[in-house]
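Shown next, in structure tokens, is the structure this report addresses.
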Ligand code: C2E
Ligand code: MG
Ligand code: MG
Ligand code: MG
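Residue numbers (UniProt numbering): 424 to 702.
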């Protein structure tokens with residue numbers, strides 16, 4: 424059954440009944456041992472410049488290959504880890520994977536960055552910046568290469584104290600990005616106070632944008648606002664050449680999405696990296 428499910432992961436994704444059958448208590452103890460048993464994987468999805476077409480970095484996306492249940496989507500177990508207090512452990516595991524990977528790339532693929540998704544729960548832990556700083560010191564990595572993505576909705580839950588913590592992360596030298604932008608009801612007065620360098624337009628504004636003039640107007644305004652604030656703007660979830668062309672014409676700086684590449688792991692990732700130098 425597990426094999427069937429992982430072979431058809433997208434069908435399983437929307438199977439709410441299956442999700443409700445997950446017994447949360449056992450999933451919790453599973454999550455605790457998942458790191459130890461190396462059932463978690465860090466997949467990497469490329470980010471490309473819309474002006475040069477070149478890849479300049481990756482986003483880290485967690486995958487859980489459960490021995491019995493098969494593939495479990497982060498959309499399911501990340502919220503579960505947040506509710507049960509295990510998100511911190513997951514975030515630190517991803518950060519260490521990213522840092523070790525960047526360290527290995529230093530000479531072969533200089534300048535390539537990795538962005539790790541950070542939960543709002545992480546931002547409520549006042550020791551979080553110190554923990555990252557300690558990891559960076561341990562591996563002697565240039566903080567510029569590591570980025571953090573924080574969702575707009577998460578920031579706006581408690582903007583005052585979040586800005587304070589983001590300032591501390593910024594002081595370490597990390598670049599910060601606002602993820603899923605456009606879905607989180609940003610207050611413009613807070614937006615200009617956020618110490619971020621990138622704004623990531625949510626996929627819901629990207630899908631079919633080439634066919635939707637009103638969406639184009641909205642996205643153009645978002646891009647101009649981002650540039651006005653001195654931010655670089657990236658669009659997520661680009662699946663077609665037409666969507667990419669629309670975003671490029673609207674002035675978007677970079678892109679991510681299945682059209683360029685799905686998240687990669689193992690051999691396909693190595694092939695992608697090898698092609699960087701021949702671009
Ligand atoms: P996100 O950070 O907005 O990541 C983008 C999601 O869209 C990823 O799903 C990615 O695989 C998917 N995607 C990328 N390009 C396309 C495309 O062209 N079309 C479509 N339909 N989808 C695309 P994924 O990996 O399932 O992750 C879902 C969400 O789970 C992420 O949204 C993020 O919020 C969360 N997540 C993933 N990994 C982590 C993690 O390590 N830590 C935390 N805290 N959250 C994570
Ligand atoms: Mg993200
Ligand atoms: Mg996103
Ligand atoms: Mg998204």
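From the three backbone atoms N, C-alpha and C, an ideal C-beta is built for every residue, glycine too.
Since this is a predicted model, take the numbers as computed values, not measurements.
task: Have a look at the DSSP bridge pairing and note the partners of residue 477.
output: None, per the DSSP bridge assignment.
task: Could you name the residues of the same chain whose beta carbon sits closer than 6 Å to that of residue 681, not counting the 5 residues immediately before and after it, in chain order?
output: Its chain contains 662 as the residues whose beta carbon lies nearer than 6 Å to that of residue 681, once the 5 sequence neighbours on both sides are disregarded; these appear in chain order.
task: Confirm the yes/no value for this check: CB of residue 540, any heavy atom of ligand 6, distance under 7 Å.
output: Looking for ligand 6 in the displayed structure turns up nothing; the ligands present are ligand 1, ligand 2, ligand 3 and ligand 4.
task: Would you list the residues sitting across from residue 486 in a DSSP beta bridge?
output: For residue 486, which the question treats as bridged, DSSP gives the partners 464.
field: Contact belief for residue 606 with residue 625 at Cβ below 8 Å, rounded distance in angstroms
entry: Contact flag correct, Cβ pair sits at about 5 Å.
field: alpha helix (DSSP H) runs wholly inside the stretch 501-578, at least 4 long, in chain order
entry: The stretch 501-578 contains these whole alpha helix (DSSP H) runs: 510-528, 543-546, 551-562.
Closest residue to residue 619 among 565, 458, 608, 573 (Cα-Cα distance): Checked all of 565, 458, 608, 573; the closest Cα to residue 619 is 573.
Spatial distance of residue 688 from residue 534 (CA atoms): Between residue 688 and residue 534, the C-alpha separation is close to 20 Å.
- prompt: What is the DSSP secondary structure of residue 661, counted as helix, strand or coil?
  reply: Residue 661: coil per DSSP, three-state reduction.
- request: Tell me whether residue 620 sits in a helix, a strand or coil according to DSSP, three-state version.
  value: Per DSSP, reduced to three states, the secondary structure at residue 620 is coil, with no helix or strand assignment.
- request: Please go through the same chain and pick out, in chain order, the residues whose beta-carbon is closer than 7 Å to the beta-carbon of residue 532, but skip the five residues on each side of it.
  value: Correct list, in chain order: 696, 699.
task: Pull up the distance between the alpha-carbon of residue 526 and that of residue 479, whole angstroms please.
output: Cα-Cα distance, rounded: 16 Å.
- request: Examine ligand 3 and report whether any of its heavy atoms sits within less than 7 Å of the Cβ of residue 621.
  value: No, ligand 3 has no heavy atom inside 7 Å of this Cβ.
- prompt: What did DSSP end up calling residue 643 once you bin it into helix, strand or coil?
  reply: Correct three-state label for residue 643: helix.
task: Output the boundary residues of the beta strand (DSSP E) element that contains residue 599.
output: Taken as a continuous stretch (DSSP letters only), the beta strand (DSSP E) holding residue 599 covers 598-604.
- request: Name all residues in chain order for which at least one heavy atom of ligand 3 lies closer than 5 Å to the residue's CB.
  value: In chain order, the residues positioned with their C-beta nearer than 5 Å to some heavy atom of ligand 3 are 602, 603, 659.
message: Just to confirm my understanding: we take residue 512, look at its own chain, exclude 5 residues before and 5 after, and list those with CB closer than 7 Å. What are they?
response: The beta carbon of residue 512 lies closer than 7 Å to those of 458 in the same chain, with the five residues before and after it left out.
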